[in-house]
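**Q**
Numbering (our numbering), first residue to last: 1 to 297.
1) For residue 252 and residue 258, what's the separation of their Cα atoms in angstroms?
2) Out of 112, 142, 107 and 3, which has the shortest C-alpha to C-alpha gap to residue 59?
3) Which residue comes first and which comes last in the beta strand (DSSP E) that contains residue 11?
4) So is residue 73 buried or exposed if we call it buried at 16+ other beta carbons inside 10 Å?
5) How far does the beta strand (DSSP E) with residue 135 in it reach, from first residue to last?
6) Can we say the stretch 111-128 touches the stretch 180-198, given the rule of at least three CB pairs closer than 8 Å?
7) Strictly by DSSP, which residues pair up with residue 171?
8) Identify the residues that DSSP records as bridge partners of residue 222: which are they?
9) Start and end of the alpha helix (DSSP H) containing residue 97?
10) For residue 269, count neighbouring C-beta atoms within 10 Å of its own C-beta (all shown protein chains included) and say buried if the count is 16 or more, exposed if not.
11) Please classify residue 175: is it buried, with 16 or more other beta-carbons within 10 angstroms of its beta-carbon, or exposed?
12) Classify residue 208 as helix, strand or coil using the three-state DSSP reduction.
13) Counting only runs of 3+ residues fully inside the stretch 24-74, write out the beta strand (DSSP E) ranges in chain order.
14) For the beta strand (DSSP E) that residue 122 lies in, which residues bound it at each end?
15) Could one say the Cβ of residue 104 lies closer than 7 Å to chain C's Cβ atoms, at least one of them?
16) How would you write the range of the beta strand (DSSP E) that residue 112 sits in, first residue to last?
17) Taking only three categories from DSSP, how would you classify residue 215?
18) Kindly indicate the opening and closing residues of the beta strand (DSSP E) around residue 237.
19) Cα-Cα, which of 250, 276 and 221 is closest to residue 267?
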C-alpha cells in the first residue's frame, strides 16, 4: 500500500453561520450571508499513517469457489466492504459489522446456506467463502482469534479446520490486531476466487500443523418428498486439530491448537410425492319395484 498525504479540510462555524443567515434574511440589499471558513486539521495525518508501520505483506490467501451468480454477487459485496479496512493496534475485526446484514438493500441476493445440517436457500449464500479467506489470512498473519466457527459439516473445497462461517445475528468472524503496528486488509474477488491480503509489519513465521481426521461419523441416506427439498451429497463427520505454530528467527515460540468437529451431513435425494389417487366413484342401487297386482275375479 502507498500512503497518500493527508490534507486539511475547511469547515463553517455553526454559530457564525446562524448569525450571518439571520442578518441576510433581514437585509433589504443583496441578502448574501458571508460566512468565513476555518481550517480543519486532518484527524489522521501522514505522520500518523507512517507510525502504523504498514510496510510489507504479512499474509495472503486465495480461496477458490465454483462460479454461481449468487456467489459472485454476495462474495463481491462482502469483499468490497472488507477491502481497505485499517486495523489499528488493539482494533477488533468483525466480518458481520463490516459486511453488513445480508439484505437486498445492502446488495445481497438469495443463495444456498447451511441450516440445521441441510442446504437451504436464504439471503447471503456464499459470504462464508469470504469469511474463510479472511480467517485464513488472519491465521497466517498471527492475529488473535476471538470468534471463529467452522461450517457444521465439511465442504471439500476448504482446508479442514481452517475455515469459517458466518450468519447474521448468530455467528461472526472476529479477530484482534494484537500487534504494535497497524494491519491494512485488502480483498479482491475474481470470477471464481476471492483473495484477502494482510499488510503491516511481520512479527512471526506462521505454520499450520494439521493432525489426522479422527472420530469418523457415517452419514445417513434420506429421501425427501417435501416441496422445499434441496438434494445434497452425503459427507461423513470427523474431528481434526489444527495447531498454529509461531516461529521467531526459526525458533518455535508458541503453539495454539484449534479443534474442529464436523457433523455428518445426510445424503439427500428429492422425490416428488406420489399424487393422491382420485376416489373411486360409487353407485347407489335402485330399489326393486314390485309389479302392481292385477285384480282377479
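Even for Gly, the Cβ is constructed at its ideal location relative to N, Cα and C.
**A** Let me lay it out:
1) C-alpha separation (whole angstroms): 17 Å.
2) 142
3) DSSP places residue 11 in the uninterrupted beta strand (DSSP E) bounded by 9-12.
4) buried
5) Element bounds for residue 135: not the beta strand (DSSP E) but the alpha helix (DSSP H), 127-141.
6) no
7) 167
8) 268
9) Element bounds for residue 97: 95-99.
10) With fewer than 16 other Cβ atoms within 10 Å, it is exposed.
11) Buried: at least 16 other Cβ atoms inside 10 Å.
12) strand
13) 37-40 and 56-64
14) 118-123
15) Here chain C cannot be found, since the structure has a single protein chain.
16) 110-115
17) strand
18) 237-248
19) 221
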